[in-house]
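Participant:
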Amino acid sequence: MFNYIEGVVAELGGGFAVIDCGGVGFELNASQNTIAALKMGERARLYVREAVKEDAFDLYGFATRDEKRLFELLISVSGVGPKAALSILSASTSETLTMAILTGDEKALTVAPGIGKKIAQRVIYELRDKMAREPAAAAPSAGVGAAVPAGGGDRLTDAAAALSVLGYSSAEISAALRGVDASSLDTEGLIRAALKNMMK
Numbered sequence: 025m026f027n028y029i030e031g032v033v034a035e036l037g038g039g040f041a042v043i044d045c046g047g048v049g050f051e052l053n054a055s056q057n058t059i060a061a062l063k064m065g066e067r068a069r070l071y072v073r074e075a076v077k078e079d080a081f082d083l084y085g086f087a088t089r090d091e092k093r094l095f096e097l098l099i100s101v102s103g104v105g106p107k108a109a110l111s112i113l114s115a116s117t118s119e120t121l122t123m124a125i126l127t128g129d130e131k132a133l134t135v136a137p138g139i140g141k142k143i144a145q146r147v148i149y150e151l152r153d154k155m156a157r158e159p160a161a162a163a164p165s166a167g168v169g170a171a172v173p174a175g176g177g178d179r180l181t182d183a184a185a186a187l188s189v190l191g192y193s194s195a196e197i198s199a200a201l202r203g204v205d206a207s208s209l210d211t212e213g214l215i216r217a218a219l220k221n222m223m224k
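Encoded structure:
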């Protein structure tokens, strides 16, 4: 089983990249974000997911571990195959996709070619709780409530979980949510307010 493939970028196509590893060219299906991160003739490392069928052995490559993780989550959703998963990943960054799923933003998913409202709803329904329960997301939730005014309830916990999945530490999340009027905002509003505070 492949973990990653590292070598020289030999070819880039509309939905694939060829990585030359010691004279052997590995063709990997990839999102537009991963392809955009590669440069012809330069060394690169792509994290790999294999898909083995009776009549095919396909490789999927990702510039980051986060993108690979999201791909694996997406293809675990009923009705979402590798092609649809790459379409979703190509339409947004890992961070914005994670936030869209956690906040239930269907529109952010349907901008991907071939992804309709029903599939977007299914992705959110099947992945929202699973992603929120991930260890990285659960860690900061217990300590955030004291950093903001009362009244946020579950929305505050969900916002903290989403920010954690995006890679922010517990201290950063607490500082960003401090002073936010949690009682007047929904989860997405809380996340946007926190991200705005982090940019100051």
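Position in the sequence shown (first residue = 1) + 24 = our numbering. Where is the CB? At the ideal position from N, CA and C, for every residue including glycine. Computed from a prediction, not measured in an experiment: that's the story for all the values here.
Which full runs of the beta strand (DSSP E) of 3+ residues lie inside the segment 70–141, going along the chain?
Facilitator: 80–86
Participant: Put residue 31 into one of helix, strand or coil per three-state DSSP.
Facilitator: As a working mapping, residue 31 is identified with position 7 in the sequence shown. Residue state, collapsed to three classes: strand.
Participant: Residue 167 to residue 212, Cα distance in whole Å?
Facilitator: Position 143 of the sequence shown, counted from the start, is the residue given in the question as residue 167. Position 188 of the sequence shown, counted from the start, is the residue given in the question as residue 212. Bear in mind that the predicted position of residue 167 carries a pLDDT of just 38, short of 50, making it too unreliable to give a figure here.
Participant: For residue 128, collect the residues of the same chain with a Cβ closer than 6 Å to its Cβ; drop the 5 residues on either side in sequence, then sort them by chain order.
Facilitator: As a working note, residue 128 is residue 104 in the sequence shown. Only 148 meet the Cβ criterion.
Participant: Taking the straight line between their C-alpha atoms, what separation do you get for residue 220 and residue 207?
Facilitator: By 1-based counting over the sequence shown, the position of residue 220 is 196. By 1-based counting over the sequence shown, the position of residue 207 is 183. Spanning the two alpha carbons is a distance of roughly 18 Å.
Participant: What's the gap between the Cα of residue 26 and the Cα of residue 52?
Facilitator: As a first step, residue 26 must be located in the sequence shown, where it is residue number 2. As a first step, residue 52 must be located in the sequence shown, where it is residue number 28. The straight-line gap from Cα to Cα measures roughly 12 Å.
Participant: Ends of the beta strand (DSSP E) at residue 52?
Facilitator: Numbered from its first residue, the sequence shown carries residue 52 at position 28. Element bounds for residue 52: 48–53.
Participant: Would you give the residue range spanned by the alpha helix (DSSP H) that residue 218 belongs to?
Facilitator: What you label residue 218 is simply residue 194 of the sequence shown in a count that begins at 1. Counting along the chain, the alpha helix (DSSP H) containing residue 218 begins and ends at 211–222.
Participant: Name the DSSP bridge partner or partners of residue 44?
Facilitator: Residue mapping note: residue 44 aligns to position 20 of the sequence shown, counting from 1. Answer is 32, 49, bridged to residue 44.
Participant: Under three-state DSSP, which class holds residue 61?
Facilitator: By 1-based counting over the sequence shown, the position of residue 61 is 37. Coil.
Participant: Mapping DSSP to helix, strand and coil, what is residue 152?
Facilitator: By one-based count along the sequence shown, residue 152 stands at place 128. In the structure shown, residue 152 sits in a helix (DSSP, three-state: H, G or I).
Participant: May I have the straight-line CA-CA distance separating residue 194 from residue 79, to the nearest angstrom?
Facilitator: Locating residue 194 in the sequence shown gives position 170, counting from the first residue. Locating residue 79 in the sequence shown gives position 55, counting from the first residue. For residue 194 and residue 79, the distance between alpha carbons rounds to 47 Å.
Participant: Looking only at its chain, what residues have a beta carbon closer than 6 Å to the beta carbon of residue 50, apart from the 5 residues adjacent to it on each side?
Facilitator: If you number the sequence shown from 1, residue 50 lands on position 26. Closer than 6 Å at Cβ, skipping near neighbours: 29, 43.
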